[in-house]
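Just so we're aligned, residue 6 is where the sequence shown starts under my numbering, counting upward by one.
Glycine included, C-beta positions come from ideal geometry on N, C-alpha and C.
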Amino acid sequence: MATPTGRSPELRHDPVSNRWVVFSPARAKRPSDFKSKSPENPDPNSSSGNSCPFCIGNESQCAPEIFRFPPDLGNPNWKIRVIENLFPALSRTGEYPSEDQQRHQDHTAGGRSLKGLGFHDVVIEAPVHSVQLSDLGAGEIGQVLLAYKKRIEQIATFDSIKYIQVFKNHGASAGASLSHSHSQILALPVVPPAVSTRLDGTKEYFEKTGKCSLCEVRAKELIIDESTHFISIVPFAATFAFEIWIVPKDHSSHFHELDSDQAVDLAGLLRLMLKKMSTQLNNPPFNFMIQTSPLRVEESRLPYSHWFLQIVPHLGGVAGFEIGSGCHINPVFPEDAAKVLREVNVNLPG
């Protein structure tokens with residue numbers, strides 16, 4: 006039986022995440038009525054000034070710097086700093102296990118263990134506390150993206166690192182411990198299971214169709230906007246309400262293959278999506294993740310491994326069904342979310 010919105014519940018399988026999503030519009034109001042219950046940061050200046058270690062002038066309060074832009078260490082007027090995380094999830098010091106040692110990991114308590122060696126860095130996106138990423142111009146956001154690229158290329162020289170995750174937590178409920186605009190880079194000595202699952206899903210699609218699933222993302226009703234090199238969509242089986250993907254139009258397996266022109270192009274579309282999301286959803290907490298391929302992915306996997314940038318606004322919690330089954334319930338059909346976001350008008354100065 007159809008729901009009051011006129012749409013029946015539906016299960017969709019996403020070939021990229023390789024999982025099922027339940028779409029249940031009966032659990033929601035109209036898509037245009039979705040709003041964050043509270044702004045992501047009610048007091049953006051609450052930890053500004055002398056108390057914020059990321060503000061310009063407070064560099065001595067931070068962990069060691071890796072590099073900055075502009076690169077002149079003698080110039081105090083930096084725009085972007087990449088630093089070590091003061092409270093890293095992994096240790097960057099110690100002896101990395103060899104491939105043979107990794108194959109003979111310790112097996113304890115029914116599981117496996119491996120030394121927690123890797124890298125955990127912070128990218129401070131702007132020197133001024135009140136400036137958010139979406140407040141910057143496309144060229145400035147492009148420099149942030151190129152900072153990610155440079156750091157990934159540096160870390161990739163370590164043979165022990167298998168996967169590098171770039172992510173941004175925006176707002177306390179999305180995991181941000183400081184309100185000053187920043188993102189993080191975490192490099193692991195293993196390939197995370199979600200990444201392996203993603204590769205398996207895109208492989209299955211490729212074997213059935215002979216095509217890359219993300220190269221095929223062109224459904225008009227799912228498109229929000231596009232630029233010269235990128236397209237923004239609500240994915241066909243979006244796990245979360247108003248989830249957005251920004252996908253390279255041309256096939257590319259690794260984010261760090263991005264060149265300077267593409268970085269500025271991506272930056273403009275990313276800024277537009279963040280502004281639309283903030284305007285429509287009442288400035289929600291969100292995460293964005295760069296979903297790239299493992300550093301040393303097998304050449305045979307390259308035809309179906311395609312990177313993308315995923316943006317997830319926090320509009321609701323995860324409950325028992327999602328935790329128990331790994332199958333999420335989304336109250337907004339992707340076509341409806343894409344239509345709402347297409348129609349949001351925002352002003353983008355500069």
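Could you give the first and the last residue of the continuous alpha helix (DSSP H) run that contains residue i?
i, result
"S201", "P198 to T214"
"Q189", "Careful: Q189 lies outside any alpha helix (DSSP H), inside the beta strand (DSSP E) at H187 to L193."
"R347", "P339 to R347"
"T284", "S265 to L286"
What are the partner residues of residue i, as DSSP defines its beta bridges?
i, result
"M294", "F172 and Q315"
"V133", "The partner list for V133 (beta bridge, DSSP) is empty, contrary to what the question assumes."
"R86", "R73 and I129"
"R374", "Outside the shown range of the chain (6 to 355) lies residue 374, about which nothing can therefore be said."
"P253", "F235"
"H333", "V26"
"I435", "Here the chain comprises residues numbered 6 to 355, so residue 435 is not present and cannot be evaluated."
"S96", "L122"
Identify, in the order they occur along the chain, each residue of the same chain with its Cβ nearer than 8 Å to the Cβ of residue i, setting aside the five sequence neighbours on each side.
i, result
"S361", "Shown here, the chain extends from 6 to 355; a query on residue 361 therefore has no answer."
"L95", "G121, L122, G123, F124, H125, L191, A192 and L193"
"I166", "G123, F124, I160, A192, L193, P194 and L300"
"N50", "Reliability of the predicted coordinates at N50 is poor, the pLDDT of 47 falling under 50, and the value obtained from them is presented with this limitation in mind. H134 and S135, listed in sequence order."
"V149", "I85, V128, E130, L138, L141, S188 and A272"
"P240", "D19, V21, V222, L227, E248, W250 and P339"
Please report the residue range of the beta strand (DSSP E) in which residue i lies.
i, result
"F28", "R24 to F28"
"V222", "First-last for V222: undefined, no H or E at that position."
"E145", "Taken as a continuous stretch (DSSP letters only), E145 belongs to no beta strand (DSSP E), being part of the alpha helix (DSSP H) at A143 to I160."
Using a Cβ-Cβ cutoff of less than 7 Å, which residues in the same chain neighbour residue i once the five nearest sequence positions on both sides are dropped?
i, result
"N352", "none"
"D48", "Confidence at D48 is low in this model, with a pLDDT of 46, below 50, so the placement of that residue is unreliable and no value is reported for it."
"A143", "V269, A272, G273 and R276"
"R86", "E70, R73 and I129"
"P58", "Q66 and C67"
"E45", "For E45, the pLDDT reaches just 47, beneath the cut-off of 50, and the residue's location in the model is therefore unreliable, leaving the point undetermined."
"R12", "P30 and F338"
"S232", "D270, G273 and L274"
"A152", "F74, I85, V87 and V128"
"P349", "At residue 349 the sequence reads Val, which differs from the Pro that was named. Same-chain partners within the cutoff: K281, T284 and Q285."
"H256", "C217, C220 and H311"
Given a threshold of 16 other Cβ atoms within 10 Å of its Cβ, counted over all protein chains shown, does residue i qualify as buried or as exposed?
i, result
"T297", "buried"
"A243", "buried"
"I88", "buried"
"F245", "buried"
"H175", "buried"
"A324", "exposed"
"D77", "exposed"
"F235", "buried"
"E145", "buried"
"I328", "exposed"
"L119", "exposed"
"S184", "buried"
"S265", "exposed"
"K173", "buried"
"S283", "buried"
"G147", "buried"
"R117", "exposed"
"S313", "First, the amino acid is wrong: residue 313 is Phe here, not Ser. The residue is buried, with at least 16 neighbouring Cβ atoms inside 10 Å."
"L204", "buried"
Excluding sequence positions up to five away, which residues of its chain have a Cβ less than 6 Å from the Cβ of residue i?
i, result
"M6", "Reliability fails at M6, whose pLDDT of 36 lies under 50, so the model's placement of it is uncertain and no value is given."
"S258", "S298, L307 and S310"
"S178", "P290 and H319"
"L346", "I229 and K281"
"S56", "none"
"Q315", "W250, M294 and Q296"
Where residue i and residue j are concerned, what is the direct C-alpha to C-alpha distance, given to the nearest angstrom?
i, j, result
"T214", "L271", "28 Å"
"R73", "K254", "30 Å"
"I251", "A199", "19 Å"
"F28", "K84", "43 Å"
"R23", "P290", "Strictly speaking, residue 23 in this sequence is Asn, with Arg absent from that position. About 26 Å."
"L279", "I334", "23 Å"
"K155", "P30", "43 Å"
"C220", "F260", "15 Å"
"S201", "R17", "20 Å"
"N80", "C60", "15 Å"
"Y168", "E304", "16 Å"
"I157", "L263", "11 Å"
"G331", "P197", "16 Å"
"T8", "I238", "At T8, the pLDDT of 44 sits below 50, so the modelled position is not reliable and the matter cannot be decided from this model."
"A342", "R97", "41 Å"
"Q170", "S186", "18 Å"
"A224", "P14", "21 Å"
"V26", "P336", "10 Å"
"T162", "A181", "29 Å"
"F92", "K344", "41 Å"
Is residue i near the ligand FAD - that is, is its Cβ less than 7 Å away from at least one heavy atom of it?
i, result
"V149", "As presented, the structure is devoid of all ligands, the ligand FAD included, so that no description of it is given."
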